[in-house]
Amino acid sequence: MTYNPPKASRRLYYEDVPAYMTEVYDWAYVNPDHARWLDRNIVVKTLLFGNDQRLMRAYLDKLRPGMRVWQVAHVYGDLVSRAARAVGEEGRFLLTDITPVQIEHGLAKLEHFPQAEVVRADAATFRARESFDLITSFFLLHEVPDDLKCRIVDNMLDQLPEGAEALFVDYHRPAAWQPIGWLLRGVNAWLEPFACALWKKEIRDYAREPERFVWEKRTIFGGVYQIVSVRHRD
Ligand SMILES: C[S@@+](CC[C@H](N)C(=O)[O-])C[C@H]1O[C@@H](n2cnc3c(N)ncnc32)[C@H](O)[C@@H]1O
Numbered sequence: 001m002t003y004n005p006p007k008a009s010r011r012l013y014y015e016d017v018p019a020y021m022t023e024v025y026d027w028a029y030v031n032p033d034h035a036r037w038l039d040r041n042i043v044v045k046t047l048l049f050g051n052d053q054r055l056m057r058a059y060l061d062k063l064r065p066g067m068r069v070w071q072v073a074h075v076y077g078d079l080v081s082r083a084a085r086a087v088g089e090e091g092r093f094l095l096t097d098i099t100p101v102q103i104e105h106g107l108a109k110l111e112h113f114p115q116a117e118v119v120r121a122d123a124a125t126f127r128a129r130e131s132f133d134l135i136t137s138f139f140l141l142h143e144v145p146d147d148l149k150c151r152i153v154d155n156m157l158d159q160l161p162e163g164a165e166a167l168f169v170d171y172h173r174p175a176a177w178q179p180i181g182w183l184l185r186g187v188n189a190w191l192e193p194f195a196c197a198l199w200k201k202e203i204r205d206y207a208r209e210p211e212r213f214v215w216e217k218r219t220i221f222g223g224v225y226q227i228v229s230v231r232h233r234d
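Numbering (the working numbering), first residue to last: 1 to 234.
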């Protein structure tokens with residue numbers, strides 16, 4: 001059964017949500033009716049041109065029972081429950097997100113996983129009281145303004161223990177031959193004003209002290225997507 005919140009509580013979905021979310025992404029991640037409709041695997045598959053499983057595997061294949069993982073923002077579909085299942089009850093899966101409706105969806109997906117916790121927080125400022133083996137940003141950076149990209153990258157790296165890994169999966173500059181690049185230029189101009197920055201800058205360029213880390217980047221689908229793994233330099 002679908003949960004329909006009483007009308008008076010709808011304003012709660014907008015409380016303390018940053019302006020870039022209400023002004024640019026209301027249709028996707030703030031408005032509860034839209035988000036409820038969009039939160040499906042088929043939407044993720046469509047948005048990622050069928051590369052969803054490949055991109056998710058880049059993250060999920062790293063997970064082992066007992067691992068402690070922080071995913072800094074929610075994703076439509078079943079990614080968060082798959083990640084929580086992969087670390088098992090002996091592991092830990094922390095999900096943060098900034099909008100109330102995404103928190104509501106995360107809680108519903110993770111309610112049967114005792115290893116999971118969902119916290120409403122800004123990925124740029126959240127301070128964990130524990131340490132992680134893996135900290136993941138899955139398609140968050142392209143959705144936030146550039147100054148916030150810097151703060152999110154730094155906040156993740158500031159909390160990265162020695163031996164642990166930070167993982168960024170996001171958009172990238174498509175190769176000249178990739179026709180999807182032209183389509184994405186249009187989509188970005190229309191709906192995703194902060195995404196093209198990732199075509200011009202490397203994720204490492206957003207870090208305050210990139211030289212302290214080893215950055216390994218690979219791209220897929222003709223450069224449309226990047227998978228960047230970051231570890232402390234020995
Ligand atoms: C990770 S992306 C989702 C990518 C993809 N479109 C999908 O869901 O399939 C969007 C999420 O980031 C969240 N978000 C945006 N800014 C945030 C921030 N500063 N801190 C934490 N979460 C944030 C949004 O509320 C939304 O749930």
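The C-beta atom is built at its ideal place from N, Cα and C for all residues, glycine as well. Nothing here was measured: the structure is a model prediction, and the numbers come from that model.
Mapping DSSP to helix, strand and coil, what is alanine 73?
-> As a working mapping, residue 73 is identified with position 73 in the sequence shown. In the structure shown, alanine 73 falls within a coil segment according to DSSP collapsed to helix, strand and coil.
Beta strand (DSSP E) containing leucine 134: first to last residue?
-> Residue 134 sits at position 134 when you count from the first residue of the sequence shown. Per DSSP, leucine 134 belongs to the beta strand (DSSP E) from 134-138.
Could you name the residues of the same chain whose beta carbon sits closer than 8 Å to that of methionine 21, not counting the 5 residues immediately before and after it, in chain order?
-> As a position in the sequence shown, residue 21 is number 21, starting the count at 1. Here methionine 21 has Tyr29, Val30, Ile98 and Thr99 as same chain residues with Cβ atoms under 8 Å from its own Cβ, once five neighbours each way along the sequence are excluded.
Own chain, CB closer than 8 Å to lysine 200, minus 5 neighbours either side, in chain order | The sequence position of residue 200 within the sequence shown is 200, counting from 1. Here the set comprises Arg173.
Just the C-alpha distance for tryptophan 70 and phenylalanine 168, rounded to the nearest angstrom, thanks.
-> If you number the sequence shown from 1, residue 70 lands on position 70. If you number the sequence shown from 1, residue 168 lands on position 168. So the two alpha carbons sit approximately 12 Å from each other.
Could you tell me which residues DSSP pairs with lysine 217 in its beta bridges?
-> The residue you call residue 217 lines up with position 217 of the sequence shown. Under DSSP, lysine 217 takes part in a beta bridge, and its partners are Val228.
Going by DSSP, what residues sit across from threonine 22 in a beta bridge?
-> For the purposes of this step, residue 22 is taken as residue 22 along the sequence shown, with counting starting at 1. Threonine 22 is not bridged to any residue.
Aspartate 97 (DSSP reduced to helix, strand or coil) | Here the question's residue 97 lines up with position 97 in the sequence shown. Aspartate 97: strand per DSSP, three-state reduction.
Sorry if obvious, but does the Cβ on leucine 94 come closer than 7 Å to a heavy atom of ligand 1?
-> In the sequence shown, the residue the question calls residue 94 occupies position 94. Incorrect: leucine 94 has no Cβ contact closer than 7 Å to ligand 1.
Alpha-carbon spacing of arginine 218 relative to serine 9, whole angstroms = Counting from 1 along the sequence shown, the entry for residue 218 is found at position 218. Counting from 1 along the sequence shown, the entry for residue 9 is found at position 9. Using only the alpha carbons, I get a separation of about 44 Å.
Mind checking which residues open and close the alpha helix (DSSP H) that includes alanine 86?
-> What you label residue 86 is simply residue 86 of the sequence shown in a count that begins at 1. 79-87 is the extent of the alpha helix (DSSP H) around alanine 86.
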